[in-house]
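If you read the sequences in order, they're chains P and C.
In terms of the numbering used here, the first sequence has 91 at position 91, counting the first letter as 1, and numbering is strictly consecutive.
Adding 264 to a residue's 1-based position in the second sequence gives its number in the numbering used here.
The structure appears right after this line, and notes come after that.
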Amino acid sequence: MAGDADRKPVLSKKIDKFFTGLASAFSFVKRFFKEVLVPPYELKEVVHQCYRIGVESLPLISLTGFIVGIVFTNQSRPSLSEFGATSWLPSLISIAVVRAMGPLVTALIAAGKMGSSIGAEIGSMKVTEQIDAMEVSATNPFKFLVVTRVLATTFMIPVLVMYTDFVALMGSFLSVNANEMVSMTTFFVQVFESISFLDIISSVLKSLLFGFTIGIVGCYKGYNSSKGTEGVGRAANSAVVMAMFLIFIEELLVLQIVNAIRMM
Amino acid sequence: MEEKVVEIEGLKKSFGDLDVLKGVDLDLYKGENLVVLGKSGSGKSVLIKIMVGLLRQDEGSMRVLGQEVSTLKTKALNELRLKIGFSFQNSALYDSMTVRENMEFPLVRNVKNLTRGEITKKIEELLDSVGLPQSINQMPSELSGGQKKRIGVARTLILNPEIMLYDEPTAGLDPITCMDINNLIVQVREQYNTSSIVITHDLTCAKVTGDRQAVLLDGQFKAIGSFDDVFAHAKDGRVKSFYDYNFIDS
């Protein structure tokens, strides 16, 4: 019984901490929507962040997308060839890439690269008083640092997803062309016949959601970091873990919604 | 009657169970350099952060240039902040920007209709006055601690503040650089007609830069006056012992 009594305060503290954290996160998101609509809009900084997030991620995204396309094609081929259905490879790959793998792979890479970078950058600014310096020079640091980065990730992830889809399909085409001697025209005709308008729309909307999640989580963790350099490291790390966790949850939810729409 | 630019009355601030400021009274007069001395964690920085609205007091009044800071709305607070220059302990230069971009940042956001030439001229003048004209295109990571402090001061001066707040201006610097920074603080007052509060626990800095000294101990000012008055005629033993860098806790 004494043991139960000892455990209760610890459990209670953890529950308190969880709900305090949740309330703080919601208030952060609420503040984002409040600030995003009010001028000044910091367009120059949004463009700068879009460049950083978009262009600087291209090499990694290109390599990953290309490899995913080739590997997925090569892994799927033996199963399809058992049924003599290797001609379905372009259709299978296009559905897998556009509906799930493109957005998911891009978002996970972006969470690792950009989420940690945003968390560490803002965290470091917080602990070295750069955010306070911005505030005392009559600049709204939330707008300049958070709103711009969240907008940039929200706009750029869908663009990167479309690019990843294209690169992955090109990788897949190379594999299909080398093994099944399928021309580029035939391959891409099959690719576009297999995907619907709903697939593209859901992919774009899902990517917007993933982008928003990566940006807001990175900024939240950085903006609320403390305890010096250790806190900065922790902010970067937890930004990646939390963003990846939320991306999987969102993927699952979006899948259920899209499937429900498909059945209507 | 001298004009008061800052009036603090009965200011209290706690963090959780820790009472940092326990009813502080202090005035800053126009054109004076006031030094606030106290050991680490005594609430010196808290005091000036309340002054610019980075923190909010629990009780009491903080009037800056005739305005009660805690009651100001965002727009009015930002307008007041433009009249106050805050030099941070670690300089707080934006490390992703060059020195030029650091100095441009507050200027282009708060002063409209400036041409590129006017901005450059203003930056060059200020860098000249802090003795670092060659640093304009350097990144903060390429500067020494003393250079960062100077650039930090130059950045705050770009908006022509009426009040300067220096948070531990000589912390972590060698004695020669400390003296350079002390001289810069005196020079800023003379050149830009500012009133200043210097937060420090460095007695040399206090003696060189301050017209008056205020010693903050246990959340209250135990002595206020000229350097000699405070330390030669101190009634509180801890204030006296401060002179030898030797605190006696009660």
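Yeah, the Cβ is synthetic: ideal placement off N, Cα and C, and Gly gets one too.
Small disclaimer: the values here were computed from a predicted structure and weren't measured.
Per DSSP, the unbroken alpha helix (DSSP H) holding residue 131(P) starts and ends at 130-136. Collapsing the DSSP output to three states places residue 464(C) in a strand.
Contact check for residue 132(P) against residue 491(C) fails: the beta carbons are separated by 9 Å or more. Between residue 93(P) and residue 191(P), the alpha-carbon positions lie close to 8 Å from each other.
Interface flag for residue 49(P) against chain C is unset, since no Cβ pair is found closer than 9 Å. Counting the other Cβ atoms within 10 Å of the Cβ of residue 172(P) gives 16 or more, which makes it buried.
Non-local C-beta neighbours of residue 500(C) in its own chain, meaning closer than 6 Å and more than five positions away in sequence, comprise 486, ordered along the chain. Under DSSP, residue 326(C) forms a beta bridge with 272(C). Judged by DSSP in its simplified three-state form, residue 291(C) adopts strand. It is roughly 14 Å from the alpha-carbon of residue 374(C) to the alpha-carbon of residue 366(C). Not one beta carbon of chain C lies nearer than 9 Å to the beta carbon of residue 114(P).
Sequence-ordered contacts of the region 355-374 of chain C with chain P read 356, 357, 358, 359, 360, 369, 370, 373 and 374 [C-beta pairs closer than 8 Å]. Taking the beta carbon of residue 256(P) as reference, no residue of chain C falls within 8 Å; the closest one sits roughly 41 Å away. DSSP places residue 431(C) within a strand segment (E or B) once states are collapsed to three. Counting only Cβ-Cβ distances below 9 Å, residue 352(C) has contacts in chain P at 128, 129, 130, 132, 133 and 136, in chain order.
Put simply, the CB of residue 117(P) is far from chain C, with every gap to its CB atoms at 9 Å or more. At a beta-carbon threshold of 9 Å, the residues of chain C lying near residue 139(P) are 342, 369, 370, 373 and 374, ordered along the chain. Excluding its 5 nearest sequence neighbours in each direction, residue 111(P) has C-beta neighbours in its own chain below 7 Å: 214, 240, 243, 244 and 247, listed in chain order.
Remark: fewer than three beta-carbon pairs, one from each stretch, lie closer than 8 Å, so the region 369-389 of chain C and the region 316-329 of chain C are not flagged as touching.
Shown here, residue 375(C) sits in coil according to DSSP, grouped into three states, outside any helix or strand. Remark: C-beta atoms of residue 444(C) and residue 309(C) do not approach each other more closely than 9 Å. No Cβ of chain P is located within less than 9 Å of the beta carbon of residue 327(C).
Interface residue (Cβ-Cβ distance to chain P less than 9 Å): residue 313(C) is classified as such.
DSSP lists 278(C) as the bridge partner or partners of residue 283(C). In the structure shown, residue 320(C) adopts coil according to DSSP, grouped into three states. Contact annotation: residue 300(C) and residue 285(C) have beta-carbon atoms that are not nearer than 9 Å. Against chain P, a Cβ distance below 9 Å from residue 318(C) picks out 132, 135 and 136. Apart from sequence neighbours up to five positions away, the residues of its chain that approach residue 401(C) with a beta-carbon distance below 8 Å are 362, 363 and 364, ordered along the chain. Assigned with DSSP and collapsed to three states, residue 175(P) falls in helix.
Assignment of beta-bridge partners to residue 297(C) by DSSP yields 460(C). In this structure residue 150(P) touches residue 212(P) by the C-beta definition: roughly 6 Å separates them, less than 8 Å. Pairing residue 82(P) with residue 76(P), the inter-Cα distance amounts to about 11 Å. Here residue 195(P) really is in contact with residue 95(P); their C-beta atoms are around 6 Å apart, less than 8 Å. Listed along the chain, the chain P residues whose CB falls inside 8 Å of the CB of residue 275(C) amount to none; the nearest CB is some 19 Å away.
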